[in-house]
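Protein chains in written order, with my numbering: chain A, 22 to 564; chain B, 54 to 156; chain C, -17 to 208; chain D, 679 to 1182; chain E, 31 to 699.
Each residue gets a CB set at the ideal place from its N, CA and C atoms; glycine is no exception.
Just below is one structure, and these are the notes that go with it.
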Amino acid sequence: MSGFPWLTVVLVLPVGGAILLQMLPRRASAAIKGWTVLIATAEAVLVAMVVYQVATGPAQGACPGGPASRCAAISLMPLPMHLQEQANWITSIGASYHLGVDGVSAWILALNAGVFLLGALVISRQTTERLKLFCGLLLITETATTGVLLSLDLLLFYLFWEGMLVPLYFLLAFYGNENRVRATLKFVIYTAAGSLLMLLAIIYLHFATPGTGPSGSFDLETLLQHPIGAQTGVPLPFTSIPTLTPMMWAFLAFAVAFAIKLPIVPFHTWLPDLYESAPTPALVFFAGVVSKMGAYGLIRFAITLFSGPVHQLQPLLVALAVLSIIYGALMALSERDIKRIVAYASISHLGFIALGIFSLDQNGINGAIIQIVNHGIIIAGLFLVAGMIEARTGTRDIREMAGLEKRMPWLYALFLVITLGSLGLPGTNSFVGEVTIMLGAFQYFWLLAVLAGGGVVLAAWYMLRLHQGLMHDPETPRVSAVRDIRLREGLVLAPLAALVIFLGVYPHPIGAVSSQAVPAYVTVADVSQAQASVSFVPVGSDR
Amino acid sequence: MLSQSMFPWILLTAGFLFTLGALGVLIRRNPLVVFMSIELMLNAANLALVGYSSFLSSEEGQVFAFMVIIVAAAEVVVGLALMTRVFRIGRELDVDDLDEMSR
Amino acid sequence: MNGLLAGTLILTAIAGMGVVFSPQTIYSALSLVLTVGLLAVTFLILNAQFLFAVQLIVYAGAVMVLFVFIIALLDPASEERPRLTDPRFVLGILAIAGICAAVFVASRNGVTYVTSCTDQSAACMHGALVGAASDPYNTFGFPAAAVNQAGNVQTVANQLFHTYVLPFEVTSLVLLVAAIGAVYLTRQTRGAAPPPAGGARPEPGGAPQELPEERVEEELVAGGTR
Amino acid sequence: MSLLAGLPLATATPGGGDLIGLLPEVIAAGGFLLLMLADLVVPPERRTWLAAFSALVLLGALGVSLWGWFDAGAAGRTVYFGAYAYDRLSAFTNCVILVTSLLSVTISPGYLNRRGLHFGEYYALLMAATVGMMLLAGAASLMVIFLAIELLSISLYILSGFSRNEERSQEAAVKYLLLGSFASAFLLFGMALVYGETGHTQLVQIASALNRSGPLDPLLVGGVILVFVGFAFKVSAAPFHFWTPDVYQGAPTSVTAFMSVATKVAAFAVLIRVFDYAFAADYSRWSPVVIAVAIISMVVGNLAALTQTSVKRMLAYSGIAQAGYILIGVAVGVGNPLGVQGALYYLAAYALTNLGAFAVVTVMTRRGEDMDSYDHLRGLWFRRPYVAVAMGFFLLSLGGFPLTAGFFGKFLVFAAAIEGHNVALAMWGIATSAVSIFYYLRVAILMFQRPAEEERAYQWPRTGLAGGSVLLATAAGTLILGTAVPLVFTVAQLAQAGTIPGAT
Amino acid sequence: MSATTITVLAALVLLFPLAGSALCGFLGRPLGRGFVNWAGTVSIGAAFLVTLVLFAQVLGAGSGHQAITVTLWNWLDLGSGNLQINVDVTVDALSVLMLLVITGVGFLIHVYSVGYMEHDQGVARFFSYMNFFIFSMALLVLAADLIILIIGWAAVALSSYLLIGFWYERRSAVLAARKAMITQVIGDVALVIAAFLLFLNVTNVYARVGPGVALPHLYTLSLPQIFANASSLGQGTPLITLICVLLAIGAFAKSAQFPLHTWLPDAMEGPTPVSALIHAATMVTAGVYLIARFHPLFDRAPIAAGMVAAVGMSTALMSGIIALSQIDIKRVIAYSTMSQIGLMIFAVGIGAYAAGMYHFLLHAFFKALLFLAAGNVIHAMRDEQDIRVMGGLQARMRVTAWSFLVGSLALAGFLFAGMFSKENLLGFGVINGPGAPALYVVGIVINVLTGLYAFRLFGVVFRGEPRSGRAMNAAEPGRVMTLPVVILAGLSAVAGWVLQWPVKIAGFQPIFIDQFLAPVFHTATSGSLAQDPGAGRAAIAFVIGLFMSVLGIGLGIRIWIRHDLQTAGWFARPVLNWLPRLSYNKFYFDEIYDALLVRPTRALARTLRRLVEPRVMDGWIRGVSGVATDFSGAFRTAQSGLIRDYASYMVLFAVLFTVAVIIAAGVGH
């Protein structure tokens, strides 16, 4: 599988499909949808091959920026990349077209392809009016998210990262309910503001990194191999954080960008509004993939490039993650709108992912990767269910619905599995991720990990409140004429439910791939933290 | 022969006339007077140019001043043409009336 | 000479104030004529005979006449005195004070550059010929050799047609444009181009206004209308 | 002549080499003269021929400029005794100006016909303004700068008031004229001071004089600042921007499109030449002012645009903000090639994008009036999907989204600011960019919302071949500048690489 | 007893119920009731048969048999030093004993359910859930890795949740299910945290082997590994105490022990077979199993073990008191279950593991019997559970009544099952456990209470006159429902006697169970198993216990069968009159939890939604945009349209800049 630019094919296939899609007549909705599904399927197959390659093949390009001895000299474990591709782009400023995939991104890539395929499958008549546009935007978004996952060049990454907003913006602004404009604007401005800060930090890294040649470099691996030395900064009062160095600011910029996308709590308010107003097919891949990009970015860029600052700020970051868990859970407990409940539940779950990442522990990061995949599956399922229920009852207010189980036994069963997955019941896929994450966090911040455990209890509460509120109790007038899901809908939901269970019983495939790469990330973090020679005051750990 | 100690006074006068013209633009509402004030400013600049030219024994300032005079004349032509258009006979001559577009 | 210059400058300043503060437009115009004339005198004192002439001919002779003509045409009413409390007035006075103080202080303390040639390039040599006095504080006026032999007018004219021929030509374009503009703006509507819809702005969503020349235009518009 | 033969007078006479350097301007100026004459003979209903002729002339000038890029070479030279720089910087800006001018000419006939303004003077004046801009971009002497500015300004004064019977247009013209002359006076006084304190009007000599300078000269820096004020007015940087929204709104849209873009390109070219090269030695004196103006522009432009309801006004404020971003590049451009490169790239990007956006407004124009209110844009997608997509694309580019030209413009100037160790400046840019996304996207969304019933019933004019091709060209340019970055960036690097020809 | 055989058999035990569950769930509706009945019961029967084979295997291995642990598949492997989990199952005496009860009693109850659910529409769902429960429970007891155990643990909770809320149109059932689930999740979290502590500390033992030494794959949460290295946790250290407390919290949640007990009475909302199987015989005893399974740790943590014992005993006492005044037939039995499990917990807390498991075994028989009999009553009363409207049912439902009587006697500890296991258990309490005799004294008081409530229930339900039309018309249900009851009654009656044979004359100790479980509880432990109280003490304790049971039974008969009001009047006296109120209101635990946990959480959530989210989280964005809009307005105001204003701004800034720079230059100069 070497030699041929597979990753480029993976990257351009969807957008190519979108372009060809424009040649189909507007009225041929079946053909349009079929073509979209075909492209998404082809993409999924390609990605499956890539994942297989990562799982089985040897990592290549031990030290692409220089001789292998250089990596050894700074005792740096290179990121174990597969299928790397590199080509010149803007040579004069050191930006290149550099793609690669490793254990961290492989399964997220698979999730990406799968969720977009799902999104393509669930496009229904409700969007037929502008089906071609919808499908085109969907495929373009897929290229953008794929690009985010594949880029190893910071500028290229940023291009996809920010470019992702554009198709999403139109997708969300064209379709969806009456509040969509406000919600979408909020989302885009929020995320764009964060991203712009990150752009600044990227530029800063470019210029601040020594020894990367006359034109500097935006290449992740090159930057990693040329760590920035110790810096002086302003002491931060009342904390154990020694200094606010330029690198600290740069890290904060990255962290804020990713935290907004993820989202972590003080930056989350765009999410419920958006999820509430977005159309279901878009929501499937939006919630399933796009918000995971923040988590992915944190792993790939923030903790590797900024290991010094990230270690210094670790207590704060972990605390924020736990705050997200608890806050999201409590909000989910008090909301009444299905989609808002799911949105806040999502915030809570994403808090777990953040917790795993910021634990800076192999278990935690592995868990975060596993959880990214799992949560993508679950949240897509939850929103599909929410969409099906809304389409049938015409409301999203849980107070107006009850006793659906009698009318929709099949939906009930599938929804049940997904709900259980969402509340992290052992034996479902979420449990794998959550327990691994909490183990990672527990070693350093036992109290916060225990609080996160409280979040699990609250998750049981609000998810059961949602599930039972909809499915159980004497039925209300609104649901008396409701029909069960059709076979087609069931065939979309069932694989998700099956995955919830399968990955809960046999998570090994994900763990085996992610654990290939994660040690390198943690080593990178440790090594460059040591090189930054900043004293690390462990907080919250008495071990 | 002029004493070199006179030179600051030339500049000072130029500066005074210049800011005086600016003041005229600020406080006068008649567009014609505003325009005249601008001419005053241009003349002030010319004074500075010629003063420098003479002071430095360099003819460039004078050439420059010559160009300025021509340009000022051209500006006046266009400006007055516009004003006859805008402030047609009977309309009050007041620049403050020109505020249809704002905010 | 110094006294003459000082007197002229003071008179110029006073005349300039007349431009700004006269309530009647025509007085302003006359004050401007006076200012321009006094400036011409100043130019003469400063050995700029050519500019003296141009200033009188172009400004006093042409521009100001134009002004007066327009004043007569439009017959503006006298303006009420600007109030001293007007923030603009205050700002203007402060600007005068600030700029004058800055200029005065700076020009007394400032250092003026000695422009001596360091290479033999044409531009530099040219500069050295006429511009470079070893001590500019020494005298006002042109280098004795040039002025004595050719006079100011010749010197300036020579420069205009040689070194500064490009700017000089550009001025011709400026004047041409001004002429076109003045003609276009002042002439009455001509030819087939119709006036727009009376300056009225129909409400959005209103019916399209039917105009007589519509058909003609439709043919004109590239790609057609509608 | 014999009388003068023995005199120590200048005998330098311009030759063919000088003319070659000025060839594009000469062609355009010739076109200007011919157009005036042609207007007399071309029948009124055939005035589109004038447009075609103008386009032809502009194309010719463009070709010569392109040739000049290679002919001038990396070093370049000055022609007409230091009055005009024949180098790659001027060739680059000339090309950008000519392209925008060409596109403006292309959209004009359709627009002018609908507005009932199709007169021959329009093309003549446009051509004169183009000449002024090209001269300004290449000017290497204070005198030429002043004259070029006046040439383009006077042309634009008239063009702003080209709709003679429309009050708004006339009002715009008067405002532009009075404020423009006012600003010219500042510029002139500043030039007088600079001339006086350095003894020269040629930029080359000013630069060498400044390099030689010993102690500081307060009058000189005062003059420098006044010159900057004059330029800031032309590029409509806040707080010297107040004329911009009113004039942009009142002027006929095709004129607005032209002047919002081409003037800015020319003025920024001269700003770069004067400040980043000629006044480089005094960098520490003027840079605080430029930085302050850049920040004020970004803040005022973006915040004021938030609450606009007219596309033209919004684009005007957006233009003010964009001027602020480009000023970042200028402010840090001394000794930092990326600053000037970024500014040049940004200019090219801005030129195409903004022209495209205004072109959309022109093709939306219906009989006798501009349709520039947000309400008019509502539902554009349903009437004219391609126009709406193009407009959306331009707005994204203005907002600086990746894969559009605007992104790399912003990226490069921010990068320059950071390389110039001025992170705070970049931070201002970032913060205001985030704000700007709001109003750009708000407009973008409006186009895709369903229009009110009566709006839908209205018959909207078709885009037409000319309008369509302009939209296509600008959109394609925006895309190319956003993706094939090395292409233009290399050009910008080469353009930046030469300083003022002849300077030490 | 080869590993392959064990793998296959264990897998079969797991697979049969799982297959049954899937068949009923997916095909039950299309294929109908008959299919469901067969598939649902046969699968469990098959599992029971396989279990018997396993039992024979373990039995055949003799007293020295070792636990056999086999790996089914690799669950997660994050690399050396990180989480590495295998799906391991272990077969030893303890798990087989549990499996026997689970599948055996489970099979009987499934058979019973065929009759009990014959009129219910959701029978397919019911059998699917029930089979799934058997699967989960089997997984729980077979698991040899803590994480897998937790999975089984949670799967049990899930099936319990599903079955409690089986009649989902009943609001009370829905709420009860939710409450049960949330309580279980609390227990899960405690277990998970315990697992973390074990992982970190047991791993470190290995990690200290030295740097650079290649470690083999360490599945550090594997139970055999944990137990083998339990000594690394120390003896009585805070760490091991904490771990054991956390494990105990998990056990308490599952076994409905104070303070996590409130879900169990509410769980009676489920169908009665569910109560019999899950909330009496098997699931709720999982806590006992857990502590018994982790005895190598509890042995090293005397403080934690003592806490367990104290909690068990106090729960037993409390629920015994509550059982006295409840009016719902199933709730009474539920509280009695809590009480009995409290005793088991007490037993494992003091280290008398075999005694605890013995009581578990016998309790499974008679408690299932009581529930099924109660189910018959409810069935006959047409879903009426209020004992106040029953009465006189003995005449109408003879088999049920006699069976119920056997169950009551077994429960009270006279003649039948309870007599052996309970008194044996209490006998250990004489010298073991915290403040040794004190808890024993409580235990004998509980004996009295047990007799009281057991015969209160029997008297009120079966004796006297019918107090309603339904009671009047009640009739014995069909054979499919009575047969399991009778079998269980037989088991309750004889099991004690059989297992006690041959009787250790002086000690009344269950030789068979002791010997059978000995390899589990006596291998590789160096800690403090309960000391044998010795023959003399055991005999005395037995006699006292028996006396107290008889006392309780006698009092019960006096008050509720003979209606001796004088005896009942004791509770009206001032010294004791708080007791009935407290008892009737279940010690106000629901109210307290509501006030302390539920309401504050809800209020907090509401506050977040109403105040924090809009004002704080969204507030700062709104603030920023508000400021931006204000500035925008200010700039628009400045844009007045007046030329003179514009010029003013230009002059202002031009002069400002110029003068400032000149001054700066001058200063610099």
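Query: Is there a Cβ of chain B sitting closer than 8 Å to that of Gln37(C), yes or no?; Result: yes
Query: Got a sec, what are the start and stop residues for the alpha helix (DSSP H) Thr1156(D) sits in?; Result: Gly1142 to Thr1161
Query: For the alpha helix (DSSP H) that Thr34(E) lies in, which residues bound it at each end?; Result: Ala33 to Ala52
Query: State the start and end residues of the unbroken alpha helix (DSSP H) segment that holds Thr784(D).; Result: Arg766 to Arg793
Query: Pairing CB atoms from the segment 390 to 398 of chain A with CB atoms from the segment 467 to 483 of chain A, are three or more of them under 8 Å?; Result: no
Query: Taking just the CA atoms, how far does Glu495(E) sit from Met502(E)?; Result: 9 Å
Query: For the beta strand (DSSP E) holding Asn109(A), just list the boundary residues, first then last.; Result: His103 to Ile111
Query: Going by CA-CA distance only, name the one from Leu263(E), Gly649(E), Phe661(E) and Glu453(E) that's closest to Phe577(E).; Result: Glu453(E)
Query: Can we say the segment 378 to 393 of chain A touches the segment 308 to 328 of chain A, given the rule of at least three CB pairs closer than 8 Å?; Result: yes
Query: Run down chain H in chain order and give the residues with a C-beta less than 8 Å from the C-beta of Thr112(A).; Result: Given the protein chain composition of this structure (A, B, C, D and E), no chain H is represented.
Query: How far does the beta strand (DSSP E) with Gly121(A) in it reach, from first residue to last?; Result: Ala116 to Val122
Query: Look up Val58(A) in the DSSP assignment and give the residues it is bridged to.; Result: Its beta-bridge partners do not exist; DSSP assigns none.
Query: Please return the same chain residues whose Cβ sits closer than 7 Å to the Cβ of Val742(D), not counting the five positions on each side in sequence.; Result: Leu701, Pro702 and Ile705
Query: Less than 8 Å separating the beta-carbons of Ala389(A) and Ile374(A)?; Result: yes
Query: Who are the neighbours of Thr53(C) on chain D, taking C-beta pairs under 8 Å?; Result: Note that residue 53(C) is Ile in the sequence shown here, rather than Thr. Those do not exist, as Ile53(C) stays about 17 Å from chain D at its closest Cβ, beyond 8 Å.
Query: Expressed to the nearest angstrom, what Euclidean distance is found between the alpha-carbon atoms of Ile270(E) and Trp183(E)?; Result: 22 Å
Query: Grouping DSSP H, G and I as helix and E and B as strand, with all else coil, what is Asn116(E)?; Result: strand
Query: If you measure between the beta carbons of Ser106(B) and Ala30(C), is that distance less than 8 Å?; Result: yes
Query: At 4 residues or longer, what runs of the alpha helix (DSSP H) sit wholly inside the segment 37 to 79 of chain C?; Result: 46 to 56
Query: Going by beta carbon distance, what residues of the same chain come within less than 6 Å of Thr778(D), once the five residues before and after it are set aside?; Result: Val939, Ala940, Ala1029 and Leu1033
Query: Across which residues does DSSP place Ala817(D) in a beta bridge pair?; Result: Tyr762(D)
Query: Measure the alpha-carbon distance for Ser367(A) versus Val362(E) and round it to whole angstroms.; Result: 42 Å
Query: Using the beta-carbon count (16 or more within 10 Å), is His140(E) buried or exposed?; Result: buried
Query: Which runs of the alpha helix (DSSP H) spanning at least 4 residues fall entirely within the segment 804 to 856 of chain D, listed in chain order?; Result: 820 to 838
Query: 8 Å is my cut-off, CB to CB: does Ile785(D) come that close to chain A?; Result: no
Query: Let's test the definition: count the other Cβ atoms within 10 Å of the Cβ of Asp118(E) and tell me whether it reaches 16, buried, or not, exposed.; Result: buried
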